[in-house]
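Going by our numbering, 126 is the number at position 122 of the sequence shown; the sequence numbering is gapless. All C-beta atoms, glycine included, are put in the ideal place defined by N, C-alpha and C. On a predicted model such as this, the values are computed, not experimentally measured, just so you know.
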Amino acid sequence: MKSNSKSIILSIFVLLLLLSGSLRALSTDNKKEPEKPRIVNIVNFIRLLEPRDLGITQDVLYQTVVNQVEMMKKYKLKGTFLLQYDALMNKRYQSLLSALPDSAFEIGAWWELPQPLVEKAGIKWRGRYPWDWHANVGFSVGYTPAEREKLVDVYMADFKKIYGQYPKSVGSWFIDAHSLNYMYEKFGIVASCNCRDQIGTDGYTLWGGYWNQGYYPSLKNAYMPAQNAKNQIPVPVFRMLGSDPVRQYDSGLGTTHQGVVTMEPVYGNAGGDSLWVDWYFQEFVGGECMEYAYVQVGQENSFTWDRIAHGFELQLPLVAKLMNERKVEVQQLSQTGEWFSKNYKTTPATSVTIKEDIKGSDFKTVWFNSRFYRANLLWDKNTFRFRDIHLFDEEFESSYLKEVETTSKCAYSTLPFVDGFGWSTADEIAGLRLKAVVEGKELLLEGGDPVVDDSVPGKLHIEWPLTNVSGTLVMDMDEKQMAIKLNGNETLNWFLELTTKENAELPFVQVSDQQIKCSFKGMLYRIVCKQGTFKKRKNNSVFNVEPKENLLRLDFSK
C-alpha cells in the first residue's frame, strides 16, 4: 500500500512538472514581440472661406465636410477634424461637429490665422483677404513671439467655450517652435502635424527633415528633431499627406518647385488613382518600418467634394478593409500622439521601405530616419545611390524662433550631406554612388533586389547582391551611424563617390581623411569616417569615401 502511495505521489509530481513546463512555454509564446503597428490617421482640416476661387462658396466648403463625415461614418472610421478659427466660430460647423461622438471624431485646431482671430488678438490685419495664405500673414512665423501667444490664447479660449475643453491636436503646414511649446506648456496639446517635405509649393519649403512617421522637435526649431529629451518639445509632430516614397522626391527635378505625388485624394497621379493607392497600402502594410508605420489620409475642404470624392471612395473602403483585417490601426491624431509619448522618450529610428514598385516602374527605396539623421537609399533598375542624407542638430536655431517672416514665403531646413534634389539638374543627378576600379577603370556597380531586415530593434540591415562583380554589399544603420562592407569579394577596390551638378552650392568647408567639416546657414557640423577615408576630388565629383579593410563606418551624430 505504501509503495502504491509513493508511486501515485511521484506520478502527480511528474504531471505537475510537465504541466508547469507547458504553462511556461505557453506564457513564452504569448510574450512574443507584438506586431509593429501600421497607424492611419484620417485628418481633414476646415476653412470657412476660399478667396482663391469665387466658385468655392461657403456652402460648397461646408458640404464638403458633411460628405467627409458621412463617408467616415459609413465605413466606421475614426478621424480628426482640425478647425481654422473662422470655421471654429461658425454656427453651422459648431452644430455639425458638436453632434459627432467623441469616440470616433476628434475636433482640434488648424493653425492658419484668418482676419477674425488676428483682430480679436488686438493685432492689425495685413492680409489681402479675410484669409491670406502668404507666410507672413496666414502663419505664426509672420508675428512676434508675444503676438503668437496672444493668438494662441484667443483661439484656445474660444475653442473651450464651444467644445468644453482645449484641443489636444494642432496642425498646420508649419508651426514655429515658440508657438508649439506655448501650446504644450499652457494648454496641454499632445500631438501636432506638419507638411510633408517639399520645395516651393505655395511658397513653403520644408526640406531635409524627419521624412515620415513622427518626431520630437527641438525647442529652437519645430522642424528639427531634437537629440536629447531636455532640449525637445514633448509633443510628437507627424508628417502629413503620405508622400510617394519613390517619386515625390524627384518631382520637378532641375527646377525650384516640386510637384505633388501624395495620398491626397485630389491628385489623379497618386491619391486619386486606384493603382497607386492599392500599391501604396500594399507596401505600407508589408514594408519594414523598424518601430511603426504611419500615414495620414484626408484633405482640406478647400479642394471641394467634387474634386476629392473619387479619391475618398478609393481610399476609405480600403482603409476600412485593412482595419477589419487587423492590418492597420485607425486612430485619432491625439491618440497617436499619446501612444507615441507613452512608448518613446526621444525620437525613435524608423524606416519606410518600398520593395516592389508600382506596376510599370522598377525602383526600390528605403527611407531611414532617426533623431540624428535621415538617409534615402534608391535602387534605380540595377544601380544604387544614396539620394539624400541630412543631419539633425537641436542647436540649429530656426530664424523664426524670435524673428518675424516679412515675405510671402517660408523656409525650414536641416543640415545637408547629400541633397539629390537641390544639387541636381534634370540631366545631372546628384548622389553618393557605389563604384569600383576594375582593370584600371571606374565601374558603376550593379545588382539585384535588396533584402531589408528590421528584426533587431533600433537597427536596419540591408543586403544587396551584386551582378556585374561578385559579392554582396551589406549596410547596417542605427540611429547614429552607418556601416557598409562588401562580403564575398574582399579584394575588390570599391568606394562611394559623391557627384553633383556644376556650381552646386555645397556645404563642405574641409575634406580630410577622417572627417568632412561643413557649414550651412551659420551652423558648423561634421561627418566622421570612423573606419575608411574621405578623398577630395575635383569638378562635379566632389569626394570619394573609401573603405579600410573592406569596411566603411560613417558617424552622423557629431
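In the displayed model, Asp254 falls within coil according to three-state DSSP, outside both helix and strand. Judged by DSSP secondary structure, Phe344 falls within the alpha helix (DSSP H) whose first and last residues are 337-347. With fewer than 16 neighbouring CB atoms inside 10 Å of its own CB, Arg132 falls in the exposed class. Below 8 Å, too few C-beta pairs join the segment 330-339 and the segment 57-69 to call them touching: fewer than three. Taking the C-beta atoms as reference points, Ala113 is found no nearer than 8 Å to Val158.
Residue environment: Asn94 is assigned as buried (16 or more neighbouring CB atoms within 10 Å of its CB, all protein chains considered). Leu436 and Phe390 have their alpha carbons spaced roughly 5 Å apart. For Trp468, the secondary structure class from DSSP, reduced to helix, strand or coil, is strand. In this structure, Thr84 lies near Asn45, with their beta-carbon atoms less than 8 Å apart.
A Cβ-Cβ separation of about 4 Å places Leu500 in contact with Val549 under the 8 Å criterion. Each residue's CA atom was taken as its position, placing Phe143 and Leu490 some 49 Å apart. In this structure the segment 206-218 does not lie against the segment 158-170, because fewer than three pairs of beta carbons, one per stretch, are closer than 8 Å. Proximity to Glu304 across Lys539, Val64, Ile127 peaks at Val64, based on C-alpha coordinates. For Lys439 and Leu381, the gap between their C-alpha atoms comes out near 15 Å. Note on Arg243: 16 or more other CB atoms within 10 angstroms of its CB, so buried under the neighbour-count rule. Two segments are said to touch when three or more pairs of C-beta atoms, one from each, lie closer than 8 Å; by this definition the segment 184-194 does not touch the segment 393-409.
DSSP lists Gly175 as the bridge partner or partners of Trp114. The beta-carbon distance between Phe400 and Asn225, rounded to whole angstroms, is 6 Å. This is short enough to meet the 8 Å contact definition. Under DSSP, Pro221 shares a beta bridge with Pro229. For Val456, the closest of Thr471, Met294, Asn497, Arg541 by C-alpha to C-alpha distance is Met294. Within the segment 126-204, the runs of beta strand (DSSP E) that reach at least 3 residues and sit entirely inside it are, in chain order, 173-175, 195-198. In the same chain as Pro511, and ignoring 5 residues on each side of it, the C-beta atoms closer than 7 Å to its own belong to Pro420, Cys522, Ser523, Phe524, in chain order. The beta carbon of Lys82 sits closer than 6 Å to those of Ala108, Val334, Gln336, all from its chain and outside the five residues before and after it, given in chain order.
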